[in-house]
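Chemist:
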Amino acid sequence: MKIFTAAQIREADAFTIREEPVSSTGLMERAAGKCAAWLEVQFAPTTPVYIFCGKGNNGGDGLVIARLLLQKGYPVRACILQHSAKASADHTFHLQLLQQQYPACLYEIGAQGDFPVLPAGAVIIDAIFGTGLNKPVEGWMAGIIHQINDQRAIHPVVAIDIPSGLLADSSSLHTPVIQAHHTLSFECYKLAFLLPENAGFTGHVHILPIGLHPDYITQTPTRYHLTDREMIRTIYHPRDPFAHKGTYGHALLIAGSYGKMGAAVLSAKACLRAGVGLLSCHVPQCGYDIMQISEPCAMCVTDEGSTHSAHFHTLPDGATYKTIGIGPGLGTQTATARSLERLLEHYQRPMVIDADALNLLSVYPYLLSRLPQGSILTPHPKEFERLFGTAANDFDRLTLLSQQAVHLHLYILLKGRYTAIACPDGSLYFNSTGNPGMATGGSGDVLTGILTALLAQDYTPKAAVILGAWLHGYAGDLAAEQLSQEAMTATDIITHLGAAFRHVI
Ligand SMILES: NC(=O)C1=CN([C@@H]2O[C@H](COP(=O)(O)OP(=O)(O)OC[C@H]3O[C@@H](n4cnc5c(N)ncnc54)[C@H](O)[C@@H]3O)[C@@H](O)[C@H]2O)[C@@H](O)CC1
Ligand SMILES: Nc1ncnc2c1ncn2[C@@H]1O[C@H](COP(=O)(O)OP(=O)(O)O)[C@@H](O)[C@H]1O
Ligand SMILES: [K+]
Numbered sequence: 001m002k003i004f005t006a007a008q009i010r011e012a013d014a015f016t017i018r019e020e021p022v023s024s025t026g027l028m029e030r031a032a033g034k035c036a037a038w039l040e041v042q043f044a045p046t047t048p049v050y051i052f053c054g055k056g057n058n059g060g061d062g063l064v065i066a067r068l069l070l071q072k073g074y075p076v077r078a079c080i081l082q083h084s085a086k087a088s089a090d091h092t093f094h095l096q097l098l099q100q101q102y103p104a105c106l107y108e109i110g111a112q113g114d115f116p117v118l119p120a121g122a123v124i125i126d127a128i129f130g131t132g133l134n135k136p137v138e139g140w141m142a143g144i145i146h147q148i149n150d151q152r153a154i155h156p157v158v159a160i161d162i163p164s165g166l167l168a169d170s171s172s173l174h175t176p177v178i179q180a181h182h183t184l185s186f187e188c189y190k191l192a193f194l195l196p197e198n199a200g201f202t203g204h205v206h207i208l209p210i211g212l213h214p215d216y217i218t219q220t221p222t223r224y225h226l227t228d229r230e231m232i233r234t235i236y237h238p239r240d241p242f243a244h245k246g247t248y249g250h251a252l253l254i255a256g257s258y259g260k261m262g263a264a265v266l267s268a269k270a271c272l273r274a275g276v277g278l279l280s281c282h283v284p285q286c287g288y289d290i291m292q293i294s295e296p297c298a299m300c301v302t303d304e305g306s307t308h309s310a311h312f313h314t315l316p317d318g319a320t321y322k323t324i325g326i327g328p329g330l331g332t333q334t335a336t337a338r339s340l341e342r343l344l345e346h347y348q349r350p351m352v353i354d355a356d357a358l359n360l361l362s363v364y365p366y367l368l369s370r371l372p373q374g375s376i377l378t379p380h381p382k383e384f385e386r387l388f389g390t391a392a393n394d395f396d397r398l399t400l401l402s403q404q405a406v407h408l409h410l411y412i413l414l415k416g417r418y419t420a421i422a423c424p425d426g427s428l429y430f431n432s433t434g435n436p437g438m439a440t441g442g443s444g445d446v447l448t449g450i451l452t453a454l455l456a457q458d459y460t461p462k463a464a465v466i467l468g469a470w471l472h473g474y475a476g477d478l479a480a481e482q483l484s485q486e487a488m489t490a491t492d493i494i495t496h497l498g499a500a501f502r503h504v505i
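Rendered as structure tokens:
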């Protein structure tokens with residue numbers, strides 16, 4: 001699914017109005033109709049509905065919702081905030097309709113003191129500002145936003161299109177923004193919805209299709225995408241009936257150290273479950289029995305080091321190993337760093353670099369430019385910060401992420417609720433699967449194993465990283481469904497990988 005900027009969404013509206021064709025008041029009627037239908041399912045017709053409307057088209061949506069709910073018998077109050085003398089044409093049109101049909105529902109707010117007393121059980125609809133917001137909200141309007149937020153413990157708050165005060169394409173940190181329980185947004189996700197700093201504003205996001213013209217959506221290029229099953233299906237390729245284990249690559253996993261062999265085992269198991277042809281694990285001597293007993297399907301190579309690996313640079317080159325996954329539980333000894341440096345002198349295929357291997361790169365940043373082009377880095381936010389520094393907000397961090405991916409010719413996967421995958425061509429994919437049950441030790445090690453397996457099977461790095469993140473999250477979702485988010489562990493993500501694959505097919 002493409003993610004459009006506020007300016008592109010305006011273009012999509014205009015394109016639809018011109019090409020469908022439909023009047024702009026008609027498009028507003030359609031969009032607001034979807035919201036009214038959603039509200040009717042959620043709230044009984046006896047629920048008092050307080051709709052706060054601005055003077056632009058977002059307020060226009062609010063006025064249409066008011067009329068449609070009044071028609072269904074809901075007690076509605078449409079509160080119009082007089083933040084500007086002029087209203088948009090579509091707002092004016094729908095205000096006139098409401099004035100003709102239900103004049104008693106209208107109420108004007110021109111100052112903070114005009115805020116109405118809400119009856120018990122009332123629901124608040126926020127239709128103050130939408131994608132037309134052009135600066136942070138100030139003055140008495142900011143006061144109204146704070147008053148609505150003060151009511152959210154008692155009254156449900158539903159934002160139309162975007163919580164008022166939230167900018168769609170840049171940071172709204174430290175500015176007044178509505179804290180909605182639900183956001184009903186039109187046609188597609190806005191970039192702001194996918195960033196952790198805005199989690200407290202949107203609540204649950206519901207995307208309502210409003211029939212924006214499909215030609216605009218397919219023809220308009222965008223940097224940002226949200227992965228979905230349709231996209232994943234085009235990436236996945238089924239196995240060849242005449243395949244043998246050589247077809248799906250021999251991968252090497254360099255992982256584990258004394259006390260952290262579990263990370264290596266989790267990665268190895270996930271790599272095998274994700275379809276690698278052959279897997280060898282390079283572990284320190286203390287890990288030999290552990291790996292051999294835990295995972296009989298993997299071969300095991302031991303390092304000269306007893307507790308930490310430091311001799312993996314002497315391994316055969318790319319002719320033997322199709323790809324390498326390195327980092328889970330590896331440790332950050334100086335000797336390990338030296339071995340990584342020497343490995344990079346001769347290994348030239350795209351690799352997967354995670355955990356302690358990332359930590360080594362942040363201590364020896366000159367190694368970053370020596371990584372094989374097209375390699376995949378999988379930092380969590382703290383590892384990202386160690387590697388590339390801090391950013392003032394999530395939008396700046398996204399810019400930094402993308403700049404580094406382009407500059408270093410790497411795929412950088414920044415983990416989180418919507419894992420962000422930055423590609424060397426400047427595009428950015430947000431992963432749509434996964435849940436907070438995956439915020440548990442070892443989840444990342446599982447991802448490393450999956451990505452390594454997909455590279456070994458000849459997926460391009462871009463395909464591997466998008467498909468791998470999606471499968472990982474989806475397996476996590478299935479695990480949570482069966483076991484609860486609390487009880488699931490990283491091992492359960494591996495167990496559910498099979499069902500995740502079946503879902504793609
Ligand atoms: N035909 C269309 O274009 C459609 C638009 N739709 C709705 O239209 C919305 C966008 O409407 P608009 O472009 O009119 O914009 P908004 O309704 O978001 O607000 C624009 C108005 O607010 C003022 N304003 C902006 N920032 C302000 C601030 N910080 N303080 C005070 N006033 C401020 C502007 O000067 C303008 O009067 C969407 O979010 C969506 O809800 C939907 O009805 C779908 C169809
Ligand atoms: N709230 C969440 N929603 C979706 N995915 C999550 C959430 N929390 C964690 N994850 C996923 O779980 C994984 C955690 O990785 P990481 O922090 O490296 O774990 P570890 O170091 O313990 O292996 C990442 O892929 C991340 O995207
Ligand atoms: K709004």
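Numbering (full-length UniProt numbering), first residue to last: 1 to 505.
All C-beta atoms in this analysis are idealised placements derived from N, C-alpha and C, irrespective of residue type, glycine included.
Since this is a predicted model, take the numbers as computed values, not measurements.
With DSSP as the reference, identify every bridge partner of His206, one or two as the case may be.
Modeler: Leu184.
Chemist: Only counting the same chain, and skipping five residues up and downstream in sequence, which positions put a Cβ closer than 6 Å to that of Phe384?
Modeler: Contacts found: Leu414.
Chemist: Please classify Glu304: does DSSP put it in a helix, a strand, or coil?
Modeler: In this structure, Glu304 counts as coil in the three-state DSSP scheme.
Chemist: Under 8 Å between the Cβ atoms of Ile421 and Ala469?
Modeler: Taking 8 Å as the Cβ cut-off, Ile421 and Ala469 qualify as a contacting pair.
Chemist: Taking all protein chains shown into account, decide if Tyr189 is buried (16 or more other Cβ within 10 angstroms of its Cβ) or exposed.
Modeler: Flag for Tyr189 reads buried.
Chemist: Quick one: what does DSSP say Arg342 is sitting in, helix, strand or coil?
Modeler: Of the three classes helix, strand and coil, the one that applies to Arg342 here is helix, per DSSP.
Chemist: Just the C-alpha distance for Gly262 and His282, rounded to the nearest angstrom, thanks.
Modeler: The alpha-carbon atoms of Gly262 and His282 are separated by roughly 14 Å.
Chemist: Does the Cβ of Lys269 lie closer than 7 Å to at least one heavy atom of ligand 2?
Modeler: It does not: the Cβ of Lys269 is nowhere closer than 7 Å to a heavy atom of ligand 2.
Chemist: Can you pull the DSSP bridge partners for Lys2?
Modeler: Beta-bridge pairing links Lys2 to His225.
Chemist: Evaluate the contact criterion for the segment 75 to 86 versus the segment 33 to 51: three or more CB pairs, one atom per stretch, below 8 Å.
Modeler: Yes: the two stretches touch, three or more of their Cβ pairs being nearer than 8 Å.
Chemist: With 16 other CB atoms within 10 Å as the buried threshold, where does Tyr474 fall?
Modeler: Buried, by the Cβ-count rule.
Chemist: Indicate whether Leu330 and Ala355 have their beta-carbon atoms separated by less than 8 Å.
Modeler: In contact: Leu330 and Ala355 (Cβ atoms closer than 8 Å).
Chemist: When DSSP builds the beta bridges, which residues end up paired with Leu252?
Modeler: Beta-bridge pairing links Leu252 to Ser280 and Ile324.
Chemist: By DSSP, does Val446 sit in helix, in strand, or in coil?
Modeler: In this structure, Val446 counts as helix in the three-state DSSP scheme.
Chemist: Does Asp240 come out as helix, strand or coil in the three-state DSSP assignment?
Modeler: The answer is coil: DSSP assigns Asp240 none of H, G, I, E or B.
Chemist: For Leu367, list the residues DSSP reports as bridge partners.
Modeler: The partner list for Leu367 (beta bridge, DSSP) is empty, contrary to what the question assumes.
Chemist: Could you check which residue in Arg18, Ile65, Thr336 and Arg223 has the C-alpha nearest to that of Leu398?
Modeler: Out of Arg18, Ile65, Thr336 and Arg223, Arg223 has the C-alpha closest to the C-alpha of Leu398.
Chemist: Between the alpha carbons of Ala255 and Pro196, how many angstroms are there, rounded?
Modeler: When rounded, the distance between both Cα atoms is 30 Å.
Chemist: Kindly give me the distance between the Cβ atoms of Thr448 and Asn431, rounded to whole angstroms, as I take these residues to be in contact under 8 Å.
Modeler: Contact doesn't hold; Cβ gap of about 15 Å is too wide.
Chemist: Is it a yes or a no for the segment 375 to 393 touching the segment 490 to 502, going by three-plus beta-carbon pairs under 8 Å?
Modeler: At 8 Å Cβ cutoff, the stretches do not touch.
Chemist: With a 10 Å radius around its C-beta and 16 neighbouring C-beta atoms as the bar for buried, classify Thr433 as buried or exposed.
Modeler: Burial call: buried.
Chemist: In this structure, how does DSSP classify Arg152 when only helix, strand and coil are distinguished?
Modeler: Arg152 falls in the coil class under three-state DSSP.
Chemist: In chain order, what are the residues with a CB under 7 Å from some non-hydrogen atom of ligand 5?
Modeler: Ligand 5 is absent from the structure shown, which contains only ligand 1, ligand 2 and ligand 3.
Chemist: Measuring CB atoms only, is the segment 16 to 29 touching the segment 102 to 110, in the sense that at least three cross pairs come out at less than 8 Å?
Modeler: The segment 16 to 29 is not in contact with the segment 102 to 110.
Chemist: Provide the residue span of the beta strand (DSSP E) that contains Phe430, from first to last.
Modeler: That run of the beta strand (DSSP E) goes Leu428 to Phe430.
Chemist: Can you look up Phe52 in the DSSP assignment and give me helix, strand or coil?
Modeler: Three-state DSSP puts Phe52 in a strand.
Chemist: Got a sec? Which residues, its chain only, sit under 6 Å from Met141 by beta carbon, not counting five neighbours each side?
Modeler: Taken in chain order, the residues that qualify are His83.
Chemist: Where does Glu108 sit, in a helix, a strand or coil, going by DSSP?
Modeler: Strand, per DSSP.
Chemist: In this structure, what does DSSP give as the bridge partners for Ala422?
Modeler: Bridge partners of Ala422: Ile412 and Leu428.
Chemist: Leaving out five residues before and five after Phe129 in sequence, what residues of the same chain have Cβ atoms less than 6 Å from its Cβ?
Modeler: So the list reads Gly54, Asn58 and Ser164, once near-sequence residues are dropped.
Chemist: How far does the alpha helix (DSSP H) with Tyr61 in it extend, from its first residue to its last?
Modeler: Note on identity: in this sequence residue 61 is Asp, with Tyr being the wrong assignment. Asn57 to Gln71 is the extent of the alpha helix (DSSP H) around Asp61.
Chemist: Are there 16 or more other CB atoms within 10 angstroms of the CB of Asn149, so buried, or fewer, so exposed?
Modeler: Buried, since its Cβ has 16 or more Cβ neighbours within 10 Å.
Chemist: Buried or exposed for His146, please, with buried defined as at least 16 other CB atoms from any protein chain shown within 10 angstroms of its CB.
Modeler: With fewer than 16 other Cβ atoms within 10 Å, it is exposed.
Chemist: Ile235 and Ile466: beta carbons closer than 8 Å?
Modeler: Cβ atoms of Ile235 and Ile466: closer than 8 Å.
Chemist: Name, in chain order, the residues that DSSP records as bridge partners for Asp394.
Modeler: Asp394 is not bridged to any residue.
Chemist: Please name the residue, chosen from Ser443, Ala192, Leu69 and His237, that lies closest to Asp161 on a Cα-to-Cα basis.
Modeler: The candidate whose alpha carbon is nearest that of Asp161 is Ala192.
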